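Just below is one structure, and these are the notes that go with it.
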C-alpha cells in the first residue's frame, strides 16, 4: 500500500459510515394571543414577538401549536380617571401530542401591574420566565441522545 492510498481509505470509510448524527435542535410552535386595550395590546404584542424571536427556536404559529401564550393588557385608572399603570394577565398552555392531544395543560399564570415605561422590560421578563419554565425542560429532553 502506498502512502497516497491511506488518506483515500480513511476518507472512503468516513463516507461509508455516514454523517455523524447530531441532536436536532427542537423548534417550538407557539401561538401568541394578545387582547385588551388596542393601543396597549399592540405594544405588548410587538414587545413579546421581539422577545420570543430572540430565543431563536420559537416559531409563532396558530397551526397546531406546542404552546399558547394568552395575554390581556388593560390600562388601569384611578377614580379621577388618571392612568395608574397597565394590568397584564399572562397564561401559558402546553399542548401535548399523542394520546393527550385533546388536552391543554396550564404551565404558568401571572397577574401583574406595571408602569407604562416598564412595559418592554416586563414583557422581556415574562418571555424569559416562559423560556426557563417551559422551553428549557423540553430542550433538555430533546437533547438527550437517542439509542
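In our numbering, the protein residues as written are 11 to 157.
Every residue, glycine too, gets a C-beta built ideally from N, C-alpha and C.
Owing to the predicted nature of the structure, the values given are computational and were not obtained by experimental measurement.
| Check | Outcome |
| --- | --- |
| Inter-residue CB distance, residue 101 and residue 87 (contact presumed, cutoff 8 Å) | With 8 Å as the limit, residue 101 and residue 87 do not qualify as a contact, their Cβ atoms being about 24 Å apart. |
| Span of the alpha helix (DSSP H) around residue 129 | 129 to 140 |
| Rounded Cβ spacing between residue 76 and residue 39 (contact assumed at less than 8 Å) | 5 Å |
| Sequence-distant residues of its chain with Cβ nearer than 8 Å to residue 41 (five each side left out) | 70, 71, 72, 75, 77, 78, 79 |
| Same chain, Cβ closer than 7 Å to residue 85, five either side skipped, listed in chain order | 47, 50, 93, 96 |
| For residue 43, three-class secondary structure by DSSP | strand |
| Distance, residue 89 Cα to residue 117 Cα | 35 Å |
| Among 58, 43, 37, 45, the one whose alpha carbon lies nearest that of residue 129 | 58 |
| Candidates 53, 104, 45, of which the one nearest residue 127 by Cα | 53 |
| Where residue 106 sits in the DSSP three-state scheme | coil |
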